[in-house]
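Worksheet: the structure to be examined is printed underneath.
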Amino acid sequence: MAAPAAADSAGDVDVVCLGESMVTFLPTRPGRLADVPAFERTIGGAESNVACALAAAGHAVKWVSRVGTDGFGDHLVAAIGGYGVDVSAVRRDPVRPTGIYFRTADDRAAGGHEVLYYRAGSAASAMSSATVPLRDLWAGRILHLSGITAALSPDCLALMRDLVVRRPARPLLSFDVNHRPGLWRDRVGAGVLLELARGADVVFVGEDEAQEAWGLRGAEAIRAALPEPGVVVVKRGVAGASVFAREGAPTPPLPEPLREAGAECGPSPAEPPEHARSSNAGSARPGPALDGDAHYFVPSLRVDVVAPTGAGDAFAAGFLSGTLRGLPVPARIRHGHLMAAAVLTVPGDLTAPAPRAHADRLVGLDDDAWGRLRVGPGWTGDDQEVRTS
Numbered sequence: 000m001a002a003p004a005a006a007d008s009a010g011d012v013d014v015v016c017l018g019e020s021m022v023t024f025l026p027t028r029p030g031r032l033a034d035v036p037a038f039e040r041t042i043g044g045a046e047s048n049v050a051c052a053l054a055a056a057g058h059a060v061k062w063v064s065r066v067g068t069d070g071f072g073d074h075l076v077a078a079i080g081g082y083g084v085d086v087s088a089v090r091r092d093p094v095r096p097t098g099i100y101f102r103t104a105d106d107r108a109a110g111g112h113e114v115l116y117y118r119a120g121s122a123a124s125a126m127s128s129a130t131v132p133l134r135d136l137w138a139g140r141i142l143h144l145s146g147i148t149a150a151l152s153p154d155c156l157a158l159m160r161d162l163v164v165r166r167p168a169r170p171l172l173s174f175d176v177n178h179r180p181g182l183w184r185d186r187v188g189a190g191v192l193l194e195l196a197r198g199a200d201v202v203f204v205g206e207d208e209a210q211e212a213w214g215l216r217g218a219e220a221i222r223a224a225l226p227e228p229g230v231v232v233v234k235r236g237v238a239g240a241s242v243f244a245r246e247g248a249p250t251p252p253l254p255e256p257l258r259e260a261g262a263e264c265g266p267s268p269a270e271p272p273e274h275a276r277s278s279n280a281g282s283a284r285p286g287p288a289l290d291g292d293a294h295y296f297v298p299s300l301r302v303d304v305v306a307p308t309g310a311g312d313a314f315a316a317g318f319l320s321g322t323l324r325g326l327p328v329p330a331r332i333r334h335g336h337l338m339a340a341a342v343l344t345v346p347g348d349l350t351a352p353a354p355r356a357h358a359d360r361l362v363g364l365d366d367d368a369w370g371r372l373r374v375g376p377g378w379t380g381d382d383q384e385v386r387t388s
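Numbering that gives the first Met the number 0 applies: residue 0 is where the sequence shown begins, and numbers increase by one.
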């Protein structure tokens, strides 16, 4: 892939998300798929989830993908566009269908959880360096990918390998490992995901999936296996998240109008709130790290969970939103926790996040007040009280 002209990168788009979205069928009641009498239609896709959450948070986001020329493709494009996402780069495939899947109502970690994918030969599996213009992918300040795309087809894997090559003028590359063993035919997927993660600038990985895929235990071991990325985010479930950030790590380039005005490259010029610039914000707790690293740990919120799906994608969106705003790393982590909490308190994978001013107030709490927060359904309303205990 040749690099696009410089003028096409870092324009008016904050984030470009590449990946397959599918029509999702959720059961109307708990139980085995064999016993569920009816399903409700929604949408699902790790990268489009991130795109929708970022757009709902006020960022300019483009989703790049392929869907069929069928009704399900129409539904996906309309639903994702309805969140404010630019869907102009979504291509329609006249031969291959839009992917769909069914899942049970319980958590992926639950023993009885079932997922049935009908995505083999889907329109998105035909994504390749020939069918996805690099001009679309390099249109933003951040390019967000996930390991799911690499598992869809050999062409998709080749595209992903090309995108993680470090080149001049490449956008900040964000990669969520998203290890899905069922999508890989053998253990080769674990090695591929490690390879792709090493080419990224920001990596999101769950502590549990790193152990399952790579046999790594603990955040420090994960960072040691991923020394190349400037930022490694280790999601530690209900405990919280650890982030390793190397001094001088790449940041998203400024939007084109500000570059033309002579502004220096660096974080978004949006001024962080005073509390977010203080050393107190974000519950930063330094720990062991690689040379040149700062290590932060921020505990999760206590959440009255309605449904456990979509939290990882929402966390990534919150962290990237803070990155675009130039917030300190601990504040980015707190924004990730807040976006995850918004999704955890609704039935589906997507919901509107808390208004920015509301979220900023919570991010600015001292460590003790943050630790006493507890949120439940409806907490994201700007006029809602958030409980402490």
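C-beta atoms are modelled at their ideal positions from N, C-alpha and C, and glycine is treated no differently. Keep in mind that this is a model prediction, so the values were computed, not measured.
Cα-Cα separation, residue i to residue j
{"i": "A283", "j": "R333", "result": "Unreliable positioning characterises A283 in this predicted model, as indicated by a pLDDT of 42, which lies under 50. A coordinate reading is not provided."}
{"i": "T308", "j": "A368", "result": "27 Å"}
{"i": "A125", "j": "D154", "result": "7 Å"}
{"i": "R235", "j": "F314", "result": "12 Å"}
{"i": "A55", "j": "M338", "result": "11 Å"}
{"i": "G120", "j": "V66", "result": "11 Å"}
{"i": "S128", "j": "R134", "result": "11 Å"}
{"i": "P96", "j": "A122", "result": "5 Å"}
{"i": "A262", "j": "P298", "result": "At A262 the pLDDT is 37, less than 50, meaning the model places this residue with poor confidence; the figure from the coordinates comes in the next sentence. Using only the alpha carbons, I get a separation of about 35 Å."}
{"i": "G205", "j": "A223", "result": "15 Å"}
{"i": "D366", "j": "A220", "result": "27 Å"}
{"i": "L349", "j": "P36", "result": "24 Å"}
{"i": "V302", "j": "P93", "result": "44 Å"}
{"i": "G190", "j": "A212", "result": "8 Å"}
{"i": "F296", "j": "D34", "result": "42 Å"}
{"i": "V400", "j": "G214", "result": "Absent from the structure is residue 400, since the part of the chain shown begins at 0 and ends at 388."}
{"i": "Y117", "j": "R197", "result": "30 Å"}
{"i": "A52", "j": "S145", "result": "16 Å"}
{"i": "A209", "j": "P226", "result": "15 Å"}
{"i": "L364", "j": "L32", "result": "44 Å"}
{"i": "E246", "j": "R216", "result": "25 Å"}
{"i": "E194", "j": "I147", "result": "14 Å"}
{"i": "D207", "j": "G57", "result": "31 Å"}
Residue i and residue j closer than 9 Å at C-beta
{"i": "A240", "j": "V230", "result": "no"}
{"i": "T322", "j": "T250", "result": "yes"}
{"i": "G18", "j": "S87", "result": "no"}
{"i": "H178", "j": "L192", "result": "yes"}
{"i": "F203", "j": "D175", "result": "yes"}
{"i": "A306", "j": "A104", "result": "yes"}
{"i": "T23", "j": "Y82", "result": "no"}
{"i": "A351", "j": "G335", "result": "no"}
{"i": "P327", "j": "P252", "result": "no"}
{"i": "A199", "j": "L158", "result": "no"}
{"i": "V237", "j": "F318", "result": "no"}
{"i": "G188", "j": "A149", "result": "yes"}
{"i": "D292", "j": "A244", "result": "yes"}
Contacts around residue i, its chain only, beta-carbon distance under 7 Å, and the 5 residues preceding and following it disregarded
{"i": "S47", "result": "C16, G18, S20, W62, I79"}
{"i": "A310", "result": "A339, V342, L343"}
Nonlocal neighbours in the same chain, by C-beta distance under 6 Å from residue i, ignoring five residues either side
{"i": "P285", "result": "Its pLDDT being 43, under 50, P285 is placed unreliably in this model, and the value from its coordinates should be taken loosely. Excluding sequence neighbours, P285 sits near H294."}
{"i": "A218", "result": "V233, S241"}
{"i": "R258", "result": "Low confidence applies to R258: its pLDDT is 46, below 50, so where it sits in the model is not reliable, and the reading given next is rough at best. Cβ within range, chain order: n/a, list empty."}
{"i": "A248", "result": "G229, V230"}
{"i": "G347", "result": "T41"}
{"i": "V131", "result": "none"}
{"i": "D312", "result": "A45, N48, V49"}
{"i": "S152", "result": "S124"}
{"i": "D85", "result": "K61"}
Terminal residues of the beta strand (DSSP E) in which residue i lies
{"i": "G311", "result": "Where G311 is concerned, there is no enclosing beta strand (DSSP E), although the alpha helix (DSSP H) it sits in stretches over 310-323."}
{"i": "A67", "result": "The displayed chain sequence assigns Gly, not Ala, to residue 67. Taken as a continuous stretch (DSSP letters only), the beta strand (DSSP E) holding G67 covers 65-67."}
{"i": "E46", "result": "E46 -> not in any beta strand (DSSP E); alpha helix (DSSP H) instead, spanning 45-55."}
{"i": "H143", "result": "139-145"}
{"i": "H447", "result": "Any question about residue 447 goes unanswered here, given that the chain covers just 0 to 388."}
{"i": "D161", "result": "Where D161 is concerned, there is no enclosing beta strand (DSSP E), although the alpha helix (DSSP H) it sits in stretches over 153-162."}
{"i": "G239", "result": "239-245"}
{"i": "L115", "result": "114-117"}
{"i": "L17", "result": "12-17"}
{"i": "V131", "result": "Taken as a continuous stretch (DSSP letters only), V131 belongs to no beta strand (DSSP E), as it is neither H nor E."}
Range covered by the alpha helix (DSSP H) that runs through residue i
{"i": "W213", "result": "206-213"}
{"i": "G70", "result": "70-80"}
{"i": "R355", "result": "355-362"}
{"i": "P26", "result": "That residue, P26, is in no alpha helix (DSSP H); its beta strand (DSSP E) goes 21-26."}
{"i": "L337", "result": "328-343"}
Nonlocal neighbours in the same chain, by C-beta distance under 8 Å from residue i, ignoring five residues either side
{"i": "V345", "result": "V305, A306, P376"}
{"i": "L361", "result": "R333, L337, A353, W369, L372, V385"}
{"i": "S278", "result": "At S278 the pLDDT is 33, less than 50, meaning the model places this residue with poor confidence and gives no usable figure here."}
{"i": "A91", "result": "At residue 91 the sequence reads Arg, which differs from the Ala that was named. Result list for R91: R65, V66, G67, T68, G72, A122, in chain order."}
{"i": "T27", "result": "V35, P36, A37, F38, E39"}
{"i": "R165", "result": "G198"}
{"i": "L398", "result": "The requested residue 398 is not part of the displayed model; the chain covers only 0 to 388."}
Counting beta carbon pairs with one atom in the segment 13-33 and one in the segment 139-147, are three or more of them shorter than 8 Å?
Judged by Cβ distances under 8 Å, the segment 139-147 makes contact with the segment 13-33, as three or more pairs qualify.
Could you check whether the segment 72-79 touches the segment 27-47, counting it as contact only if at least three pairs of C-beta atoms, one from each stretch, sit closer than 8 Å? They touch, by the three-pair rule.
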